[in-house]
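Here the structure comes first, spelled out in structure tokens, and everything after it is commentary.
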Amino acid sequence: MVHVSFYRNYGKTFKKPRRPYEKERLDAELKLVGEYGLRCKRELWRVQMNRYGLLDESQNKLDYVLALTVENFLERRLQTLVFKSGMAKSIHHARVLIRQRHIRVGRQVVNIPSFMVRVDSQKHIDFSLTSPFGGGRPGRVKRKNTKAASKKASGGDGEEEDED
Numbered sequence: 001m002v003h004v005s006f007y008r009n010y011g012k013t014f015k016k017p018r019r020p021y022e023k024e025r026l027d028a029e030l031k032l033v034g035e036y037g038l039r040c041k042r043e044l045w046r047v048q049m050n051r052y053g054l055l056d057e058s059q060n061k062l063d064y065v066l067a068l069t070v071e072n073f074l075e076r077r078l079q080t081l082v083f084k085s086g087m088a089k090s091i092h093h094a095r096v097l098i099r100q101r102h103i104r105v106g107r108q109v110v111n112i113p114s115f116m117v118r119v120d121s122q123k124h125i126d127f128s129l130t131s132p133f134g135g136g137r138p139g140r141v142k143r144k145n146t147k148a149a150s151k152k153a154s155g156g157d158g159e160e161e162d163e164d
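Residues 1 to 164 in UniProt numbering are what the sequence shown spells out, letter by letter.
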């Protein structure tokens, strides 16, 4: 039997801060975590380490690159864009919708809230075809309510039979 841990990738995906207890940094990170609905500070550190192409062609100078902040990267996350487009009621609701596979980018269903959306893909964020929000099969409660309403309309008695 082959040991699976042999194939692991040991590359770092985030970088811890040099000083673990700096009050200013901790307060700023806590504000960002709350504002963008991150689960842990590791996600924030990952964004800081992973620089994604956010500048357009006119801003190729080094000054623009050095002026990029963490907020610029957090604005490009799928979770933030779903919330800002009005598809979710809150930033946390956006995370739940994405994890439950209700959101697609183009034709691809994406279930990773930290997915970095490119500028040209931003207009293609939509509900997935199988999602009840996007015209797919209705949810469990809605199916139950429509079945009960159709029973009432047909003059059925109050008892429910075991279905499914």
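Glycine included, each C-beta is placed from N, C-alpha and C at the ideal position. Bear in mind that the values here come from a model prediction, so they are computed numbers and not experimental data.
The alpha helix (DSSP H) with residue i in it runs from where to where?
i	result
Val70	70-74
Asp27	23-36
residue 165	Residue coverage of the chain in this structure runs from 1 to 164, which leaves residue 165 outside it and unanswerable.
Measuring only the C-alpha atoms, how far is residue i from residue j?
i	j	result
Asp120	Arg76	12 Å
Pro17	Ser128	38 Å
Tyr52	Phe133	Its pLDDT being 49, under 50, Tyr52 is placed unreliably in this model, and the coordinates cannot settle the point.
Leu81	Gln122	8 Å
Arg19	Arg25	9 Å
Ala28	Leu44	11 Å
Glu57	Lys144	Interpretation of Glu57 is limited by its pLDDT of 48, a score under 50 that renders its predicted location unreliable; the figure taken from the coordinates is listed afterwards. Those two C-alpha atoms are separated by around 53 Å.
Pro113	Ala153	43 Å
Leu74	Gly139	32 Å
Leu54	Glu71	Caution applies to Leu54, whose pLDDT of 49 falls short of 50 and renders its modelled position unreliable; the model cannot decide the point.
Arg137	Lys151	20 Å
Arg39	Gly155	50 Å
Arg99	Arg107	17 Å
Lys41	Lys15	11 Å
Ser131	Ala149	23 Å
Leu30	Tyr21	13 Å
Val109	Lys23	40 Å
Lys142	Val96	20 Å
Who are the near neighbours of residue i in its chain, counting only those whose CB is closer than 6 Å to its CB and skipping five residues on each side?
i	result
Val68	Just to set this straight, residue 68 is Leu in the shown sequence, not Val. Hits under 6 Å: none found.
Phe115	Leu78
The beta strand (DSSP E) that contains residue i, what's its start and end?
i	result
Val105	103-105
Asp126	125-127
Beta-carbon within less than 8 Å of residue i's beta-carbon, same chain only, minus the 5 sequence neighbours each way: which residues are those?
i	result
residue 216	Outside the shown range of the chain (1 to 164) lies residue 216, about which nothing can therefore be said.
Asp164	Here Asp164 scores only 48 on pLDDT, less than 50, and its place in the model is too uncertain to base an answer on.
Would you say residue i touches the ligand ZN, meaning its beta carbon is less than 7 Å from a heavy atom?
i	result
Arg143	Looking at this structure, you won't find the ligand ZN or any other ligand, since it has none at all.
Within the same chain, show all residues whose beta-carbon is closer than 7 Å to that of residue i, passing over the 5 residues directly before and after it, in chain order.
i	result
Lys147	none
Asn111	Ile98, Arg99, Arg101
Below 8 Å, how does it come out for the segment 32-41 and the segment 89-97: are there three or more Cβ pairs, yes or no?
yes
Could you tell me which uninterrupted alpha helix (DSSP H) segments, each at least 4 residues in length, are contained entirely in the segment 80-116, listed from first to last along the chain?
You should have 91-99.
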